[in-house]
Each structure stands twice: as C-alpha cells, then as structure tokens.
Amino acid sequence: MYSGLRVLMQLQYLEVNPSISKKNIFSYTETPRMNELRNRTKKQKLEEIFSKKKIEFLDQIKDKENNIEFLQSLLSDDKTLEKYFINHKETMENDIKNIKSNIKLMDEILSK
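Counting from 1, position 69 in the sequence shown corresponds to residue 155 in this note's numbering; the numbering is continuous, with no gaps.
Structure (structure tokens):
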C-alpha cells in the first residue's frame, strides 16, 4: 500500500498534507492532476457509452421518420384516412423530439 502511495506521489497525483500529518503518520490530499485524471477517465467512459447510444437513437429516428413518410404516402393516396393515422403520426413525431432531446443532453454532458 505504501509503495502505491509513493508512486502516486511521484506522479504528482497525491501530496502530503503537512497541516494534518504528524511525525510518523502522513495524511495525503489529492492534487488537481488527480482530479484531471478522474475527469478524463469519466469522460472517456461517457463518450464510449454515449456513442453507442447515439447510434441507437439515430437508427430509431430514421425508423420513425420512415414510418411517418409511409403514413404521408398513404394519406396522399386517400385523404379520408387522416383521422386514423393522425395519432400515430403525432406520437412518432413526439418520440423523435424526445430522442433528439436525449442526444442534445448527451452532447451537453460531454461538453462540460
């Protein structure tokens, strides 16, 4: 354990806190470099997860847009069908908005 602490000190991730440390008992504090390492690791994990999720979301958007186009083509053939499809179309449009909102949130989280 002490060799691990020594390595972390050599890499400037930890430093001895002189105000709390005593003769043979040392207290360590994290350096800003440790926080940078932690944040970088967290960001890498989030980028990997968000990248996969974003691809999944974009596929869902394509599917829903394709379904909306299909409904519109049916409506162009027969306008009387509109009352049957309007709810489905609105639901899919709302789903697309929600998915885009999720993508935007992921981008905002990564930009911080």
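Where is the CB? At the ideal position from N, CA and C, for every residue including glycine. Here the structure is a predicted model, which means the values were calculated and not measured.
Which of the three DSSP states is assigned to Y170 in this structure? helix
Tell me whether L97 is buried or exposed, calling it buried when 16 or more other Cβ atoms sit within 10 Å of its Cβ. Per the 10 Å Cβ criterion, exposed.
Can L100 and T117 be called in contact, C-beta distance under 8 Å? yes
T115, enclosing beta strand (DSSP E) - first and last residue: 114-116
Candidates N110, Y170, K175, F136, of which the one nearest S197 by Cα: Taking each of N110, Y170, K175, F136 in turn and checking the Cα distance to S197, the smallest one comes out for F136.
Measuring CB to CB, does Y88 end up less than 8 Å from N103? Their beta carbons are not under 8 Å apart, which means Y88 does not touch N103 by this criterion.
Can you tell me where the beta strand (DSSP E) holding L100 begins and where it ends? 100-102
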